[in-house]
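Q:
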Amino acid sequence: MASKLTPTPLTSLRVSRHPIPAHNLIPNTSIQNKPLLHYHEAFPPATLTASAIESHLTKVGVVEPQWRFTMYSTTHYHSTTHEVLCISRGKAKLCFGGEDNPGKVEKDVEQGDVLILPAGVGHRLLEVLTGGFEMVGSYPKGCNWDMCYGKKGEEAKVRSIAKVPWFEKDPIYGDKGPALEN
Numbered sequence: 008m009a010s011k012l013t014p015t016p017l018t019s020l021r022v023s024r025h026p027i028p029a030h031n032l033i034p035n036t037s038i039q040n041k042p043l044l045h046y047h048e049a050f051p052p053a054t055l056t057a058s059a060i061e062s063h064l065t066k067v068g069v070v071e072p073q074w075r076f077t078m079y080s081t082t083h084y085h086s087t088t089h090e091v092l093c094i095s096r097g098k099a100k101l102c103f104g105g106e107d108n109p110g111k112v113e114k115d116v117e118q119g120d121v122l123i124l125p126a127g128v129g130h131r132l133l134e135v136l137t138g139g140f141e142m143v144g145s146y147p148k149g150c151n152w153d154m155c156y157g158k159k160g161e162e163a164k165v166r167s168i169a170k171v172p173w174f175e176k177d178p179i180y181g182d183k184g185p186a187l188e189n
């Protein structure tokens with residue numbers, strides 16, 4: 008059984024917000040105008056486990072945990088849903104926006120961090136910085152994710168991003184939280 012997980016109090020939470028311009032055929036944050044959100048150490052890393060994260064997300068009830076994995080090393084994005092990535096183990100350098108994009112964001116993320124990726128934001132793993140890097144990937148209830156790569160033929164998928172509804176509650180904090188402030 009997973010231990011009860013209490014997120015960092017909102018008053019102490021450090022959040023980075025990153026608007027990322029479209030580049031080539033990767034829309035990034037240009038369609039919904041919602042930034043990439045990085046909740047730094049949203050969960051205390053000392054006793055953090057993937058099971059505890061999954062339990063917490065299920066209790067909040069906004070997203071459904073669907074996988075435990077690292078991140079693909081190829082830039083990709085999702086056109087059908089937003090994505091919540093909770094770092095359950097290790098540390099890595101990730102790239103958001105496409106590696107050739109002058110407006111890209113490269114971030115070191117580590118155990119306890121949470122990333123909220125709006126639909127359309129390109130993302131990929133650049134480097135695992137400590138062994139065993141793992142995330143819990145989650146999506147809003149009822150949403151199925153797809154894989155897009157910024158290639159010709161994906162234009163209709165890009166247009167559909169405008170219809171993806173934003174969160175009505177914060178995936179980590181519920182009724183209040185940074186996802187509701189943007």
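Residue numbers for the sequence shown follow my numbering, beginning at 8 and rising by one. Just so you know, even glycine gets a beta-carbon here, dropped at the ideal spot from N, CA and C. All values reported here derive from a predicted model rather than from experimental measurement.
1. Counting beta carbon pairs with one atom in the segment 45-57 and one in the segment 14-21, are three or more of them shorter than 8 Å?
2. Secondary structure at M8, three-state DSSP: helix, strand or coil?
3. Could you check how far apart the C-beta atoms of H30 and V112 are, in whole angstroms? I think they sit under 8 Å.
4. Less than 7 Å separating the beta-carbons of G127 and N35?
5. Alpha carbon to alpha carbon, what distance is there between L12 and V116?
6. Spell out a yes or no on whether the segment 58-75 and the segment 153-170 are touching, meaning 3 or more CB-CB pairs, one atom from each, closer than 8 Å.
7. In chain order, what residues of the same chain lie with their CB nearer than 7 Å to the CB of K4, ignoring the 5 residues before and after it?
8. Just to confirm the assignment: which complete beta strand (DSSP E) runs, minimum length 3, are found wholly within the segment 101-169?
9. Under three-state DSSP, which class holds S19?
10. Excluding the 5 residues preceding and the 5 following G119 in the sequence, name in chain order all residues of the same chain whose CB lies nearer than 7 Å to its CB.
11. Mapping DSSP to helix, strand and coil, what is T87?
12. Measuring CA to CA, which of G105, T88, I27 is closest to N151?
13. On the criterion of 16 or more Cβ atoms from any shown chain inside 10 Å, does Y180 qualify as buried, or is it exposed?
14. Thinking L132 and Y79 are a contact (beta carbons under 8 Å), I'd like their distance in whole angstroms, please.
15. In angstroms with no decimal places, state the Cα-to-Cα distance between G144 and E90.
A: According to the structure data:
1. Three or more beta-carbon pairs drawn from the segment 14-21 and the segment 45-57 are found closer than 8 Å, and the two stretches are therefore classed as touching.
2. Since pLDDT at M8 reaches only 49, below the 50 mark, its modelled position is unreliable, and the value read off the structure follows with that caveat. M8: coil per DSSP, three-state reduction.
3. A Cβ-Cβ distance of about 12 Å is found for the pair H30 and V112, leaving them out of contact under the 8 Å criterion.
4. With a cutoff of 7 Å on beta-carbon distance, G127 and N35 are scored as near each other.
5. Those two C-alpha atoms are separated by around 19 Å.
6. Touching, no, given that fewer than three Cβ pairs across the two stretches are closer than 8 Å.
7. The shown model of the chain, from 8 to 189, leaves out residue 4, and the question about it has no answer.
8. Segments of the beta strand (DSSP E) lying fully in the segment 101-169: 112-117, 121-124, 130-147.
9. The answer is coil: DSSP assigns S19 none of H, G, I, E or B.
10. Cβ within range, chain order: E48, A49, F50, P51, P52, L55, I94.
11. Three-state result, T87: coil.
12. Selected option, being the one with the closest Cα: T88.
13. Per the 10 Å Cβ criterion, buried.
14. Correct: roughly 7 Å between the Cβ atoms.
15. Between G144 and E90, the C-alpha separation is close to 7 Å.
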